[in-house]
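Numbering (the working numbering), first residue to last: 20 to 516.
Backbone N, C-alpha and C define an ideal beta-carbon position, used for all residues, glycine too.
Structure follows, in structure tokens:
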């Protein structure tokens, strides 16, 4: 919230006017220092909310089911075990009426494969490079997971600090919550929009920043707890939240039938619906099958039932058995990504995420405009910010086009993104005759054209399917909105006339 404080702080405000000015200065410095990465993380996070929808869009021929035929789950798991990497842990997402897809991931730290299953248990390799690229860029910036997650976690801390300092630097926050100045200078309108979007969606912004920081810094948090409590033994910290593995027994043994296991898990969980299986050490006598079941109206869905290789229940845990801290930890990921409550929640998260992108971008724009109005313009930084704010949507649109044309070459996508990002900054940064007002419009038209091209490439490379029409419609609407010429404020029109 980037608005000059020219009036004294109202009575009852916890900070003096001098402190408010200092906080405002710190708010601006913090926002500028992290603006680019906050914007990138917010933009990719907004898109990552729709990762499942984007995956359906880019692979419309993937099987869509709401339930397996009898014994089909066993067939699918045996196929994944045979075709996946050796000694892989299998993660099976079960289909439902809300999520009409069954997927299996065979995971090892060095390699993993993923498939989508049909009703009879036949597997189709999952090829969704665009959705995977967006999620990986948001979660770890395509860096090694430990380093990338740490940087993203610090970004969450910076965003949370910016939100708090922005509130403290705005003494009239409640009085001005619904005040928008119309018809004045563009900078004042942008400042009002920046402040209002920041205030109206503040609970969402704080929740996203806090959960993002916790997720990104989880490795650091575990390390600190291990140093304080267990002399650096991180395994003991993880053991507080995960079940200890069974005793080693590498003797070959087949998995038990899975349909009776699901039925028993549902019976023990009071009718909760099984939604995921984790199968560890497949093909061995020490194999373990963990069934997680979800209940209606619970954000943390974990009824957990653990079975051994003979199909016997080893342990059953229900929501009432969980302490408050474990419940909160279990809900952090779902709360952060909005992967609960179906499409209405995803749409709400999308709109609020877009508002956070606007707040981030407009904060830098306002700071640059204020410097220009005071005779201390920084045209290079103004051009570079245009390259970041509009270069990232352009880069992601081009990533989408390449992902549709060459889905088997997903390694190309990071190079396309890097080249477009660098090219945008170099071209805009070195264009000294670049006019900010008209330049933004031209760059926005380029992004609109790329978005439209992405929608058209999809129609040329994929079979038309209802599962992809929602994303296609969103692309066309977005391109249409960006093609519209922005209206000038009335004050600027009077000056021009």
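Pairwise C-alpha distance: residue 276 and residue 91 | Their Cα atoms are separated by approximately 10 angstroms.
Beta strand (DSSP E) segments (min. 3 residues) lying fully within the region 261-310 = Fully enclosed beta strand (DSSP E) runs of 3 or longer: 292-299.
From the DSSP output, read off the bridge partner residues of residue 121.
-> DSSP output for residue 121 lists 136 as bridge partner(s).
Can we say the region 126-144 touches the region 157-175, given the rule of at least three CB pairs closer than 8 angstroms?
-> These segments do not touch.
By Cβ distance, which residues of its chain are closer than 6 angstroms to residue 476, with the 5 residues on each side in sequence left out?
-> Taken in chain order, the residues that qualify are 420 and 423.
Give the range of the alpha helix (DSSP H) segment to which residue 336 is assigned.
-> Per DSSP, residue 336 belongs to no alpha helix (DSSP H); it is in the beta strand (DSSP E), 332-336.
DSSP three-state assignment for residue 111, whether helix, strand or coil | Correct three-state label for residue 111: strand.
Roughly how many whole angstroms lie between the Cα atoms of residue 74 and residue 250?
-> When only Cα atoms are considered, residue 74 and residue 250 end up about 43 angstroms apart.
Are the Cβ atoms of residue 397 and residue 387 separated by less than 9 angstroms?
-> In this structure, residue 387 lies closer than 9 angstroms to residue 397 by Cβ.
Cα-Cα, which of 494, 219 and 481 is closest to residue 146?
-> Nearest in C-alpha terms to residue 146, of all of 494, 219 and 481, is 481.
Candidates 54, 449, 333 and 186: closest to residue 310 by CA position = That would be 333, whose Cα lies nearest to the Cα of residue 310.
Taking the C-alpha atoms as reference points, what is the distance between residue 285 and residue 494?
-> Pairing residue 285 with residue 494, the inter-Cα distance amounts to about 41 angstroms.
Under a Cβ-count criterion, where at least 16 other Cβ atoms within 10 Å of its own Cβ denotes burial, should residue 485 be classed as buried or exposed?
-> Per the 10 Å Cβ criterion, exposed.
Per DSSP, what kind of secondary structure is residue 477 in: helix, strand or coil?
-> DSSP places residue 477 in helix when its eight states are reduced to three.
Specify the secondary structure class of residue 73 as computed by DSSP and reduced to three states.
-> Judged by DSSP in its simplified three-state form, residue 73 adopts helix.
Could you give the C-beta distance for residue 526 and residue 405, rounded to a whole number, given that I count them as a contact under 8 angstroms?
-> Here the chain comprises residues numbered 20 to 516, so residue 526 is not present and cannot be evaluated.
Three-state secondary structure assigned by DSSP to residue 249 | Residue 249 falls in the coil class under three-state DSSP.
Keeping to the same chain, check which residues put their C-beta closer than 7 angstroms to that of residue 329; ignore five residues upstream and five downstream.
-> The beta carbon of residue 329 lies closer than 7 angstroms to those of 275 in the same chain, with the five residues before and after it left out.
Range of the contiguous alpha helix (DSSP H) that encloses residue 170 = DSSP places residue 170 inside the alpha helix (DSSP H), whose first and last residues are 164-187.
Thinking C-beta only, is residue 86 closer than 9 angstroms to residue 123?
-> Not closer than 9 angstroms, so no.
Give every residue of the same chain whose Cβ lies closer than 7 angstroms to the Cβ of residue 515, excluding the five residues on either side of it in the sequence, and list them in chain order.
-> A caution first: residue 515 carries a pLDDT of 45, below 50, which makes its placement in the model unreliable, though a value can still be read off. Only residues of its own chain outside the window of five on either side were considered, and among them none has a CB closer than 7 angstroms to the CB of residue 515.
Taking the alpha helix (DSSP H) that residue 325 falls in, what are its first and last residues?
-> Unbroken run through residue 325 is the beta strand (DSSP E), 322-326; no alpha helix (DSSP H).
In chain order, what residues of the same chain lie with their CB nearer than 7 angstroms to the CB of residue 280, ignoring the 5 residues before and after it?
-> Excluding positions up to five away in sequence, the list reads 308, 310, 326 and 330.
Kindly confirm or deny that the region 463-470 and the region 411-420 touch, where touching means at least three C-beta pairs closer than 8 angstroms.
-> Touching, yes, given that three or more Cβ pairs across the two stretches are closer than 8 angstroms.
Is DSSP giving residue 484 helix, strand or coil here?
-> It is coil, neither helix nor strand.
May I have the straight-line CA-CA distance separating residue 440 from residue 55, to the nearest angstrom?
-> Rounded to whole angstroms, residue 440 to residue 55 spans 12 angstroms at the Cα level.
Per-residue burial, residue 26 [other beta carbons within 10 Å of its own, 16 or more giving buried] = Because residue 26 carries a pLDDT of 46, less than 50, the predicted location of this residue cannot be relied on, and no value is offered for it.
Please classify residue 428: is it buried, with 16 or more other beta-carbons within 10 angstroms of its beta-carbon, or exposed?
-> Residue 428 counts as exposed, since fewer than 16 other beta carbons sit within 10 angstroms of its beta carbon.
Spatial distance of residue 413 from residue 444 (CA atoms) | Going from the Cα of residue 413 to the Cα of residue 444 covers about 12 angstroms.
Bridge partners of residue 85, per DSSP?
-> Partner(s): none; residue 85 has no beta bridge.
Are the region 371-385 and the region 61-70 in contact at 8 angstroms, needing three or more beta carbon pairs?
-> They touch, by the three-pair rule.
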